[in-house]
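Trainee:
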Amino acid sequence: MATTRSTAAEQRTTAPWLKWTALGVGAGAALASSAAGAVSGLAVYFARQIVTPARIRDENLDILAVVGPAGKQTVILPANDDTTVEGTYSLHFARGTGHARIGEIRSYVPREGTVERVVEKVYVGDLASATRGWWGGAVYPSPAAMGFADEEVLIPVEGGSAPAWLVRAEAPARTWAIMVHGRGASRAEALRALGPARRLGLTSLVLSYRNDGEAPSAPDGRYGLGMTEWHDVDAAIDFAVSHGARDVVLFGWSMGGAIVLQTADLSRHRQRISALVLDGPVINWIEVLAHHAELNRIPAPVGRLGQYLLASRRARRITGLAAPLDLKSMDWIARAEQLTLPTLVLHSEDDEFVPIGPSAELAARNPAFVTLERFHRARHTKEWNVDPEQWEAVVERWLGGRLFGRTLPGGKAPDPEATALP
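Residue numbering for the sequence shown follows my numbering, beginning at 319 and increasing consecutively.
Take a look at the structure:
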């Protein structure tokens, strides 16, 4: 039996980070005739939104109806650029306390602007009573939900301890995978890499880090866009080494990619980092922030002023940052030749939040170390969701070749116990 929730059929969903559309569109449209004070005011707002963690997630997706009994349900949603793409996704509801895994499309009615999809599993909450939620790519709530035994461990970081999932390899592993989620996401985002890591014989450490709602907040309560968060990844490498790791592979999604690149550049353990795997990564913050200014119809000069404020020591009282952000130092297009670690980049052609352009340019400038795998229709960091078999096969084949020097016929990675270095 279907219970109709809303008649709103057409709705776009947006990622939780860098979202200031409501003010940006209205103010941006008026800026042609506004005074300098209004321009600078919008630039301040723009800059603060970039570095201020959102404490409440916007439930921007109507749940129109839930059909069928528990265990055999489908859900009817507004048809938009996210909900009409095949694959497996998450639907969070009840202010984040509810979570369901959503699978294949049963029907899509463009005329009505609705899509019906299979509810594969409700992990927590009563989906039938939900009216609004948000769409996401972090399908599983924990390693246990994927069938992996895990341990909750605490990583000592500035201000306290950051919880992490430790998923041990079947045999003692000397190479660990350290996984770093993106801005506004949780460590559950990184669970998508557990399968390949486990098959390659790696022990995995899935992190939380400052300002993500689980780890201690930074002293200034602001994102560093990678410039500060990398210290928490460095602490995770400390943990791995102290528990038997010889070397590590760093995985990063979105801003997690920027964090990983900073770690590879600045960590005292950088000689232990053997490879990087980056999904929809921020390669150049300057280009990403310019893209978001345009996306939200904020005039380019205002966007550039916002970037200047983030980089200005004198503007710290305005932005709330304890220290200015050196965005140019995180421009890996300009620094392409300095990236000397084997790096796999997985990026969707239609990524709406972090465009693929910088990833493609980095791979073109540094083909000796950077490999780009392109996906389609995946949007931002949902490459695995659209085609998990391709994503996992690419990661396993590429990483197996870097760690063990070869791959088996058909792209299968070798047995790490048979090929492990002494």
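Backbone N, C-alpha and C define an ideal beta-carbon position, used for all residues, glycine too.
Would a C-beta distance cut-off of 8 Å place residue 751 and residue 418 closer than the cut-off?
Mentor: Residue 751 is absent from the model: the chain starts at 319 and stops at 740.
Trainee: At 4 residues or longer, and completely inside the region 464-529: list those alpha helix (DSSP H) runs for me, N to C.
Mentor: Counting whole runs of 4 or more residues, the region 464-529 contains the alpha helix (DSSP H) stretches 512-517.
Trainee: Return helix, strand or coil for residue 701, following the three-state DSSP convention.
Mentor: It is helical.
Trainee: Along the alpha helix (DSSP H) that carries residue 671, what are the first and last residues, could you check?
Mentor: Segment: none, residue 671 is in no alpha helix (DSSP H) and carries neither H nor E.
Trainee: Could you pull the DSSP bridge partners for residue 569 from this structure?
Mentor: 497, 595, per the DSSP bridge assignment.
Trainee: Decide yes or no for the touch test of the region 514-525 against the region 488-498: beta carbon pairs closer than 8 Å, at least 3 of them.
Mentor: Enough Cβ pairs lie closer than 8 Å, so yes.
Trainee: For the 8 Å Cβ check, are there 3 or more pairs between the region 412-431 and the region 359-367?
Mentor: The region 412-431, when compared against the region 359-367, does not touch it at the 8 Å Cβ threshold.
Trainee: Would residue 543 and residue 503 be called neighbours here (beta carbons separated by less than 8 Å)?
Mentor: Contact: no.
Trainee: In the DSSP assignment, the alpha helix (DSSP H) including residue 607 goes from what residue to what residue?
Mentor: That run of the alpha helix (DSSP H) goes 603-613.
Trainee: If you reduce the DSSP assignment to three classes, tell me which class residue 268 lands in.
Mentor: The structure shown does not extend to residue 268, since the chain is modelled only from 319 to 740, so the question has no answer here.
Trainee: Assuming residue 374 contacts residue 404 (C-beta within less than 8 Å), just tell me the rounded distance between them.
Mentor: Not really, about 30 Å apart at Cβ, beyond 8 Å.
Trainee: Name the DSSP beta bridge partners of residue 432, please?
Mentor: In DSSP, residue 432 forms a bridge with 396, 427.
Trainee: Flag this pair as yes or no: are the beta carbons of residue 599 and residue 677 separated by less than 8 Å?
Mentor: Cβ atoms of residue 599 and residue 677: closer than 8 Å.
Trainee: With a threshold of 8 Å between beta carbons, is residue 662 in contact with chain C?
Mentor: Here chain C cannot be found, since the structure has a single protein chain.
Trainee: Out of curiosity, what's the CA-to-CA distance linking residue 728 and residue 709?
Mentor: With a pLDDT of 40 at residue 728, under the threshold of 50, the predicted position of this residue should be treated as unreliable, though the coordinate-derived value follows. Residue 728 and residue 709: Cα-Cα distance of roughly 15 Å.
Trainee: If contact is defined by three or more beta carbon pairs under 8 Å, each pair taking one atom from either stretch, is the region 690-710 in contact with the region 626-633?
Mentor: Touching, no.
Trainee: Using only CA atoms, which one of 360, 511, 652, 561 lies nearest to residue 597?
Mentor: Comparing Cα positions, the closest option is 511.
Trainee: If you count every other CB in all the chains shown that lies within 10 Å of the CB of residue 501, and 16 or more means buried, which is it?
Mentor: Buried.
Trainee: Taking the C-alpha atoms as reference points, what is the distance between residue 636 and residue 563?
Mentor: Approximately 42 Å, taken between the alpha carbons.
Trainee: Return yes when the Cβ of residue 525 is within less than 8 Å of the Cβ of residue 558, no when it is not.
Mentor: Contact: no.
Trainee: What are the start and end residues of each continuous beta strand (DSSP E) run of 3 or more residues lying completely inside the region 628-689, in chain order?
Mentor: As far as the region 628-689 is concerned, its whole beta strand (DSSP E) runs of at least 3 residues are 661-666.
Trainee: Check whether the Cβ of residue 558 sits closer than 7 Å to any heavy atom of the ligand ADP, and report yes or no.
Mentor: This structure lacks the ligand ADP; in fact it carries no ligand of any kind.
Trainee: Would you kindly report the start and end of the unbroken alpha helix (DSSP H) that includes residue 715?
Mentor: Where residue 715 is concerned, the enclosing alpha helix (DSSP H) stretches over 706-722.
Trainee: Compare the beta carbon distance of residue 451 and residue 411 with 8 Å and say whether it is the shorter of the two.
Mentor: In contact: residue 451 and residue 411 (Cβ atoms closer than 8 Å).
Trainee: Would you say residue 681 and residue 663 are within 8 Å of each other, going by their C-beta atoms?
Mentor: Against a cut-off of 8 Å, the Cβ pair of residue 663 and residue 681 comes out as a contact.
Trainee: Please list, in chain order, all residues of the same chain as residue 587 whose beta carbon is under 8 Å from its beta carbon, the five residues on each side excluded.
Mentor: Excluding positions up to five away in sequence, the list reads 552, 555, 556, 559, 566.
Trainee: Which residue wins for smallest C-alpha separation from residue 657, given the options 578, 465, 409, 460?
Mentor: Out of 578, 465, 409, 460, 578 has the C-alpha closest to the C-alpha of residue 657.
Trainee: Locate the alpha helix (DSSP H) running through residue 561, then write down its first and last residues.
Mentor: Note, residue 561: premise wrong, no alpha helix (DSSP H); not H, not E.
Trainee: Could you tell me the boundaries of the beta strand (DSSP E) in which residue 451 lies?
Mentor: Taken as a continuous stretch (DSSP letters only), the beta strand (DSSP E) holding residue 451 covers 450-454.
Trainee: If you follow the beta strand (DSSP E) that residue 600 is part of, which residue opens it and which one closes it?
Mentor: Residue 600 -> no beta strand (DSSP E), and no H or E assigned at all.
Trainee: My assumption, with CB atoms under 8 Å, is that residue 721 sits in contact with residue 592. Please give the rounded CB distance.
Mentor: Right, the Cβ-Cβ distance comes to about 7 Å (below 8 Å), so this counts as a contact.
Trainee: Would you kindly report the start and end of the unbroken beta strand (DSSP E) that includes residue 384?
Mentor: Element bounds for residue 384: 383-385.
Trainee: State the start and end residues of the unbroken beta strand (DSSP E) segment that holds residue 458.
Mentor: Note, residue 458: premise wrong, no beta strand (DSSP E); not H, not E.
Trainee: Give the C-beta separation of residue 703 and residue 392 to the nearest angstrom, bearing in mind that I take them to be a contact with Cβ-Cβ under 8 Å.
Mentor: So it is not a contact: roughly 18 Å between Cβ atoms.
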